[in-house]
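Chains as they are written, first to last, in the numbering used here: chain Y, 334 to 438; chain U, 40 to 244.
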Amino acid sequence: MATKDVAPLLAKEFVILKLDFDRAPGAADLAKRYQPKDQGLPWMVIVTPDGKAIVDSTGPEGNTGFPAKASEYAHFKTMLEKAKRHLADADIAALISSLEAASKK
Amino acid sequence: MTLSLLTLMLAMTGQAAPPAQPPPPQSVAPAIIQKAPPAPRKVYNETADAKAQIEAAVASAAEDDIRILINWGANDDEACTRYQQVQRAPEVSSKFRDDYKLVSVDVGHLDKNVDLAKSYGVTLAAGALPHFTILDARGKVLAQMSAKALASDADAAAFDAKKMGAFLTTHQAPAPPPVGPVFDAALARAAREGKQVFVWFAAPW
Numbered sequence: 334m335a336t337k338d339v340a341p342l343l344a345k346e347f348v349i350l351k352l353d354f355d356r357a358p359g360a361a362d363l364a365k366r367y368q369p370k371d372q373g374l375p376w377m378v379i380v381t382p383d384g385k386a387i388v389d390s391t392g393p394e395g396n397t398g399f400p401a402k403a404s405e406y407a408h409f410k411t412m413l414e415k416a417k418r419h420l421a422d423a424d425i426a427a428l429i430s431s432l433e434a435a436s437k438k
Numbered sequence: 040m041t042l043s044l045l046t047l048m049l050a051m052t053g054q055a056a057p058p059a060q061p062p063p064p065q066s067v068a069p070a071i072i073q074k075a076p077p078a079p080r081k082v083y084n085e086t087a088d089a090k091a092q093i094e095a096a097v098a099s100a101a102e103d104d105i106r107i108l109i110n111w112g113a114n115d116d117e118a119c120t121r122y123q124q125v126q127r128a129p130e131v132s133s134k135f136r137d138d139y140k141l142v143s144v145d146v147g148h149l150d151k152n153v154d155l156a157k158s159y160g161v162t163l164a165a166g167a168l169p170h171f172t173i174l175d176a177r178g179k180v181l182a183q184m185s186a187k188a189l190a191s192d193a194d195a196a197a198f199d200a201k202k203m204g205a206f207l208t209t210h211q212a213p214a215p216p217p218v219g220p221v222f223d224a225a226l227a228r229a230a231r232e233g234k235q236v237f238v239w240f241a242a243p244w
């Protein structure tokens, strides 16, 4: 149910590109283009259509990976707020709520 | 590589993923295994719903377009216990980091999950455990092998981890396409649709 709610929200703003860091040829090189140093996995970066980084998943406490606690939700929210052009505040709130609900399962 | 919005949706909403972490260390074990370890842990869950376990593994493998190895066996079977050292050998354990999901199904004394095994084309037989079935990311059977085929050429009573590594290599999923063109296509699509690209570097493990 939550999937149905959240998918259109993310699709409003992003083309999602999941890359297999270990198996996809060139994935590590692409990551290096955006990382000053290895950040572990998973790691995320939001880029403009001309390939410029807007924000990434490395927050004040390091790479948040997949957000699973308060400080990581906060950084993920920061990522969305920095990148947003189409997402409304309510959309971002719904996305964060979905993450929090998923981590409680 | 998976270019799928659904993938992120599933991860975001269906499963709480672990925090970012480096790849797990690989254990080192000899290629030829002759003796069982002294205190084996139970690798076959004796109370699990094996059908559900397999279905969950297929769903998970589909996200990363990798394959599934079903290990049909029993905790009190000597060969199954001995096989666990094969599983820990580098040429085998590395396959379960990047290329395969592992499901160990308890068959008891050939009296549990027999029909489930049959549904995957496996006829369980005494002295032929463990038995291995490889599935693709849609759950289709790709290959079968009995542990008898792992016998060392030098010693028929020993397992050869290299043979298991070769079996897994033969049937693993092809590598994802090169990232460069896929990334460029995502950027172009984002430009057309007035969006940005959310790049997610991940791994099956």
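Beta carbons are placed, not taken as given, at the ideal position from N, Cα and C, and that holds for glycine.
Computed from a prediction, not measured in an experiment: that's the story for all the values here.
Among the residues of chain Y, none has a CB under 9 Å from the CB of D115(U); the nearest is roughly 35 Å distant.
For D389(Y), the enclosing beta strand (DSSP E) covers residues A386 to D389. Residue environment for E232(U): exposed (fewer than 16 other C-beta atoms within 10 angstroms of its C-beta). Comparing alpha-carbon positions, the option among W111(U), F206(U), E85(U) and A89(U) lying closest to L168(U) turns out to be W111(U).
Relative to the Cα of R121(U), the nearest Cα in the group A197(U), L141(U), A230(U) and F222(U) belongs to A197(U). A residue is called buried when at least 16 other Cβ atoms come within 10 angstroms of its Cβ; A128(U) meets this threshold and is buried.
Two segments are said to touch when three or more pairs of C-beta atoms, one from each, lie closer than 8 Å; by this definition the stretch 126 to 144 of chain U touches the stretch 198 to 215 of chain U. In the structure shown, F240(U) adopts extended strand secondary structure according to DSSP, grouped into three states. By the Cβ criterion, the stretch 216 to 232 of chain U is in contact with the stretch 352 to 361 of chain Y, since at least three pairs of Cβ atoms, one from each stretch, lie closer than 8 Å. Comparing C-alpha distances from S404(Y) to each of R366(Y), S390(Y), K415(Y) and H419(Y) shows the shortest one belongs to S390(Y). Around the Cβ of S143(U), a 10 Å sphere holds 16 or more other Cβ atoms; the residue is buried. For E346(Y), the closest Cβ of chain U is nearer than 8 Å. DSSP places F347(Y) outside any alpha helix (DSSP H); the residue lies instead in the beta strand (DSSP E), whose first and last residues are F347 to D353. For the stretch 95 to 122 of chain U, residues whose beta-carbon sits nearer than 9 Å to a beta-carbon of chain Y comprise E102, D103, D104 and I105.
Listed along the chain, the chain Y residues whose CB falls inside 7 Å of the CB of V218(U) are L352, A357, P358, G359, A360 and L363. Boundaries of the alpha helix (DSSP H) harbouring I429(Y): D422 to K437, taken from the DSSP string. The C-beta of G160(U) has fewer than 16 other C-beta atoms within 10 Å across all chains shown, which makes the residue exposed.
Against chain Y, a Cβ distance below 9 Å from A242(U) picks out D353, F354, D355, R356, L374 and P375. Taking 8 Å as the upper bound for CB-CB distance, R106(U) and A212(U) are in contact here, some 5 Å apart. Under the DSSP assignment, L226(U) falls in the alpha helix (DSSP H) whose first and last residues are V218 to E232. The stretch 98 to 160 of chain U contains, as complete beta strand (DSSP E) runs of 3+ residues, the segments 106 to 112 and 139 to 145 (chain order). Taking the C-beta atoms as reference points, V153(U) is found no nearer than 8 Å to Q123(U).
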